[in-house]
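Numbering (the working numbering), first residue to last: 6 to 716. Every residue gets a Cβ at the ideal spot worked out from N, C-alpha and C, and that includes glycine. Keep in mind the model is a prediction, meaning the values are calculated, not measured. Here is the structure we will look at, set down as structure tokens.
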Amino acid sequence: MNKKWEAFFPAETRTHLLILFSLTALVYANTWRAPFNFDDFNVIRRHIEMHGDEFFQFSSIRYRHLFHLSFVLNQKLGGYDPFVYHLTNNLIHALNGVLVFFLAHLTILYGTSLGRRAANAIGFVTAGFFILHPIHTEAVTYLSGRGNGLSGLFSLLSLYLFARGSLANKNITNRTALYLFALVSFGAAVLSKETAIFLPLGVALYDLCFMRGNAWAPFRHRLIWVYLPLPVLVVGFFAKAPEFVQFILDWAEKINLRYALDQFSVLGYGLKLYFFPINQSFDYEFSTAWYHYSWPWVFATLAGTFVLFALILWNKKFKASAGVFIFGTLWVLSALAPTNTLLPRLDPFSERNFYLPGFGLDMILATLIYLVCKEKFFTWKIKYNVHALTVVALFFCLSLLTIERNAVYRSQATLWQDVLEKFPEKARAQHNLAHFYLRNKQYDRAYLIYNRLAISKTTPFYKAQAHINLGIIYEARNNFSRAESEFEKAMKLDSSIPTSYYNLASRIATRGEYSRALVLYLQAEDRYKKYQWGYDAPPELILNIAKIYSKLGRWAEAEARSREFLTHRKGARQAYLLLMQSHLNMGRVDLAQADIAEVNALPELKAQMTNNLGIYFSQIGKTEKALNEFLEAARLNPGNTDPHYNIGRLIADTHKEKMRERKELEQKLETLDMEIKEKNDLARLHLQKALELNEDPQSESHILGLLNQLN
Numbered sequence: 006m007n008k009k010w011e012a013f014f015p016a017e018t019r020t021h022l023l024i025l026f027s028l029t030a031l032v033y034a035n036t037w038r039a040p041f042n043f044d045d046f047n048v049i050r051r052h053i054e055m056h057g058d059e060f061f062q063f064s065s066i067r068y069r070h071l072f073h074l075s076f077v078l079n080q081k082l083g084g085y086d087p088f089v090y091h092l093t094n095n096l097i098h099a100l101n102g103v104l105v106f107f108l109a110h111l112t113i114l115y116g117t118s119l120g121r122r123a124a125n126a127i128g129f130v131t132a133g134f135f136i137l138h139p140i141h142t143e144a145v146t147y148l149s150g151r152g153n154g155l156s157g158l159f160s161l162l163s164l165y166l167f168a169r170g171s172l173a174n175k176n177i178t179n180r181t182a183l184y185l186f187a188l189v190s191f192g193a194a195v196l197s198k199e200t201a202i203f204l205p206l207g208v209a210l211y212d213l214c215f216m217r218g219n220a221w222a223p224f225r226h227r228l229i230w231v232y233l234p235l236p237v238l239v240v241g242f243f244a245k246a247p248e249f250v251q252f253i254l255d256w257a258e259k260i261n262l263r264y265a266l267d268q269f270s271v272l273g274y275g276l277k278l279y280f281f282p283i284n285q286s287f288d289y290e291f292s293t294a295w296y297h298y299s300w301p302w303v304f305a306t307l308a309g310t311f312v313l314f315a316l317i318l319w320n321k322k323f324k325a326s327a328g329v330f331i332f333g334t335l336w337v338l339s340a341l342a343p344t345n346t347l348l349p350r351l352d353p354f355s356e357r358n359f360y361l362p363g364f365g366l367d368m369i370l371a372t373l374i375y376l377v378c379k380e381k382f383f384t385w386k387i388k389y390n391v392h393a394l395t396v397v398a399l400f401f402c403l404s405l406l407t408i409e410r411n412a413v414y415r416s417q418a419t420l421w422q423d424v425l426e427k428f429p430e431k432a433r434a435q436h437n438l439a440h441f442y443l444r445n446k447q448y449d450r451a452y453l454i455y456n457r458l459a460i461s462k463t464t465p466f467y468k469a470q471a472h473i474n475l476g477i478i479y480e481a482r483n484n485f486s487r488a489e490s491e492f493e494k495a496m497k498l499d500s501s502i503p504t505s506y507y508n509l510a511s512r513i514a515t516r517g518e519y520s521r522a523l524v525l526y527l528q529a530e531d532r533y534k535k536y537q538w539g540y541d542a543p544p545e546l547i548l549n550i551a552k553i554y555s556k557l558g559r560w561a562e563a564e565a566r567s568r569e570f571l572t573h574r575k576g577a578r579q580a581y582l583l584l585m586q587s588h589l590n591m592g593r594v595d596l597a598q599a600d601i602a603e604v605n606a607l608p609e610l611k612a613q614m615t616n617n618l619g620i621y622f623s624q625i626g627k628t629e630k631a632l633n634e635f636l637e638a639a640r641l642n643p644g645n646t647d648p649h650y651n652i653g654r655l656i657a658d659t660h661k662e663k664m665r666e667r668k669e670l671e672q673k674l675e676t677l678d679m680e681i682k683e684k685n686d687l688a689r690l691h692l693q694k695a696l697e698l699n700e701d702p703q704s705e706s707h708i709l710g711l712l713n714q715l716n
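Right under this line is the structure:
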């Protein structure tokens with residue numbers, strides 16, 4: 006093996022990495038076949054269908070660009086099979102574990118005086134805690150939580166490259182390259198999830214806590230190549246992505262000091278979950294009373310933390326690691342700052358937001374265990390065994406807890422049932438569990454939950470959602486009048502929810518009340534645009550509006566809406582058929598023929614559209630053109646019955662017309678024959694009379710000649 010490679014990846018390091026990958030596979034194997042959960046349907050499926058190809062274009066940077074691009078790549082690779090998406094999340098998590106190992110190893114080796122043996126041990130244990138801790142399951146197993154994992158990957162990589170480039174043994178070329186890649190990686194982290202904006206502060210903290218002594222390059226190198234270029238990079242990023250500027254301005258308007266004070270309680274709860282990971286939940290409920298009564302516990306937690314730090318710093322052997330404890334603590338606070346400080350969020354606490362902050366806690370705990378087991382209380386004969394047994398025991402417990410926690414994600418039912426076990430009155434959990442039953446046509450179960458939610462003391466929003474879904478259940482049971490009543494109740498409770506208008510419009514359209522249905526569809530569309538729902542209006546709404554316009558004979562509007570729908574669903578059969586129908590009803594055969602040309606890559610659809618053009622020609626009496634279109638449709642799709650039937654019918658109708666014309670002609674000939682016979686008989690009668698009366702021999706010869714002609 007190459008000596009440089011052996012120096013960077015010694016046998017012990019390779020063993021550690023193999024164990025880390027194996028542990029990741031072990032504790033997350035039971036998630037590989039877990040389905041899409043909660044927002045996965047909107048974040049992944051709907052977003053890909055509506056905007057997928059846009060994320061391959063970097064001329065305009067979009068919100069969480071790399072996060073969404075990763076899902077698009079998954080879809081290209083494996084469609085909508087959740088296995089591919091889960092495998093990607095697991096790989097990201099494993100790579101993060103590797104980065105944590107190298108970063109912690111480098112930090113202990115060059116940022117403290119503990120030495121290489123300690124760096125190997127603490128690096129491995131830190132990475133093990135990071136990979137195995139159940140608080141990270143939401144960021145890994147919940148597919149939409151990938152933003153935290155992907156942003157964490159690039160954030161850790163950026164910090165590692167920065168630290169690596171700051172070592173004194175790097176030449177100017179290597180240092181410049183490492184710093185450059187660190188800046189690029191920071192940009193990638195922000196494009197994965199905007200919470201990575203804290204990273205410059207994290208880098209500065211790392212600099213202050215560790216970069217002292219001969220092992221590190223002078224500060225001026227970092228100033229010139231990192232700290233000064235960073236503002237330029239930020240300005241360039243905002244120039245390339247103006248929607249991020251608006252995003253920050255929106256953030257600034259939401260600053261709330263009272264909310265920031267409440268976050269001390271949330272932080273304390275998060276620390277409790279880290280050290281005692283039990284009673285985890287996908288969705289937490291923090292009531293006003295909870296914030297009020299949690300203060301004493303928060304103060305006790307903070308006091309205990311300060312006492313621990315005092316003891317650590319008081320002990321001389323622990324002072325060598327003071328930077329680890331200070332950095333780890335400040336890293337947690339700074340990494341949580343974007344989500345848990347001044348900016349109110351719908352969910353005050355989400356486990357996935359503890360993903361990257363967890364690195365600081367992991368390194369503190371791993372260092373503390375190492376120092377306690379190897380430096381303080383045990384003799385040299387047993388300290389290595391004590392450390393190993395402690396680590397193995399903790400790894401084993403964390404593995405069991407993570408495997409058990411991952412089992413909750415095996416279906417939406419188990420996920421939301423778990424939430425309701427911890428928070429029985431959680432309205433969102435009730436709604437989502439019932440929605441799962443509704444999607445799976447378990448109407449009785451869904452009805453019980455929605456009916457209970459509709460009469461509960463929850464917010465108008467969730468009561469309205471309950472009535473909307475009760476309407477869907479009644480519709481499935483063919484109780485249409487009750488369904489419409491439920492939709493109308495929802496509209497009164499919360500007029501901002503578009504789905505009540507959408508469902509009522511669809512119901513009314515089936516009765517032929519197209520004008521009223523159009524008004525409701527347009528109101529639904531307006532509410533999707535006006536209110537921030539976290540996802541766009543379904544493209545089907547646009548298509549339904551186009552259909553209503555066609556029913557009302559408003560062909561120009563039907564054409565425009567069909568075109569709009571095709572921008573979301575390229576090659577959509579119904580939209581192209583409706584678009585062509587609009588053009589034909591507008592008398593624009595040329596545009597209809599252009600529509601057919603647009604679908605050359607879709608022979609079956611092209612055949613159907615060609616067949617429809619043939620029907621149009623046959624209706625306006627252009628038989629020859631109609632026959633040509635039917636023949637072309639049959640050639641494009643020989644297995645389709647319609648063009649063959651239309652060819653036969655057209656020929657049969659043409660033959661029938663010819664037979665009718667022939668019969669009419671025969672009748673005219675018969676009438677003409679009778680007229681000729683009558684006139685011949687009359688002429689013969691008069692010629693015979695003339696012959697009887699004639700006395701001139703010459704005239705007699707002429708009369709006989711005429712009689713011969715008549716005979």
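Under the Cβ criterion (8 Å, minimum of three pairs), the region 211-222 does not count as touching the region 267-276.
Note that the C-beta distance between aspartate 647 and asparagine 605 is not below 8 Å.
Comparing alpha-carbon positions, the option among Ala371, Tyr85, Phe76, Lys81 lying closest to histidine 110 turns out to be Ala371.
Here the region 136-153 lies against the region 352-359, with 3 or more beta-carbon pairs under 8 Å apart.
Distance from the CA atom of glutamate 430 to the CA atom of threonine 464, rounded to whole angstroms, is 12 Å. Going by C-alpha positions, asparagine 174 is about 12 Å away from alanine 168. Tryptophan 221 sits in a strand when the DSSP states are folded into three classes. Counting only residues of its own chain and dropping the five nearest sequence neighbours on each side, threonine 29 has a CB closer than 8 Å to the CB of Asn95, His98, Ala99, Gly102, Ile136.
Taking the C-beta atoms as reference points, threonine 117 is found nearer than 8 Å to alanine 325. When DSSP reads this structure, leucine 172 sits in a beta bridge with Trp221.
Ranked by Cα distance from phenylalanine 304, the first of Tyr279, Asn125, Leu266, Val231 is Leu266. The criterion of a C-beta distance shorter than 8 Å is not satisfied by leucine 425 and alanine 432.
For serine 75, the enclosing alpha helix (DSSP H) starts and ends at 70-83.
Contact between arginine 67 and glutamate 59 holds, since their C-beta atoms are separated by about 7 Å, short of 8 Å. Per DSSP, the unbroken alpha helix (DSSP H) holding arginine 566 starts and ends at 560-573. It is roughly 27 Å from the alpha-carbon of alanine 39 to the alpha-carbon of leucine 104. For methionine 591, no alpha helix (DSSP H) encloses it, and the DSSP letter there is neither H nor E. If you look at alanine 201, you'll find it isn't in any alpha helix (DSSP H); DSSP assigns it neither H nor E. For the 8 Å CB-CB criterion, arginine 566 and tyrosine 554 form a contact. Spanning the alpha carbons of arginine 482 and threonine 131 requires a straight line of approximately 56 Å. With 16 or more other Cβ atoms from the protein chains shown falling within 10 Å of its own Cβ, valine 329 counts as buried.
One alpha carbon belongs to methionine 679, the other to leucine 712, and they sit about 19 Å apart. The three-state reading of DSSP puts aspartate 449 in helix, counting H, G and I together. Where aspartate 531 is concerned, the enclosing alpha helix (DSSP H) starts and stops at 519-535. When only Cα atoms are considered, leucine 527 and phenylalanine 311 end up about 59 Å apart. Judged by DSSP in its simplified three-state form, valine 271 adopts helix. Short of 7 Å from the beta carbon of methionine 614, and not among the five residues preceding or following it, lie these beta carbons of its own chain, in chain order: Tyr581, Leu582, Met585, Asp600, Ile601, Val604. Taking aspartate 367 as the centre and dropping the five residues before and after it, the same chain places the C-beta of Thr131, Phe134, Phe135 closer than 6 Å to its C-beta, in chain order. Here the region 176-187 does not lie against the region 69-80, with fewer than 3 beta-carbon pairs under 8 Å apart. In chain order, Ala529, Arg532, Tyr533 place their CB closer than 6 Å to the CB of proline 503, counting only its own chain and leaving out the 5 sequence neighbours on each side.
Exclusion of the five residues before and after glycine 128 leaves Phe106, Ala109, His110 as the residues of its chain whose Cβ lies within less than 6 Å of its Cβ.
Following the DSSP letters along the chain, one finds glutamate 430 in no alpha helix (DSSP H), marked with neither H nor E.
Shown here for leucine 655: same chain residues with a beta carbon closer than 7 Å to its own, the five before and five after excluded, namely Ser623, Thr628, Ala631, Leu632, Phe635 in chain order. For the 8 Å CB-CB criterion, alanine 412 and asparagine 35 form a contact. Non-local C-beta neighbours of asparagine 508 in its own chain, meaning closer than 7 Å and more than five positions away in sequence, comprise Ile473, Gly476, Ile477, Phe492, ordered along the chain.
Of the residues assessed, cysteine 214 falls on the buried side of the cut-off, its CB having 16 or more other CB atoms within 10 angstroms.
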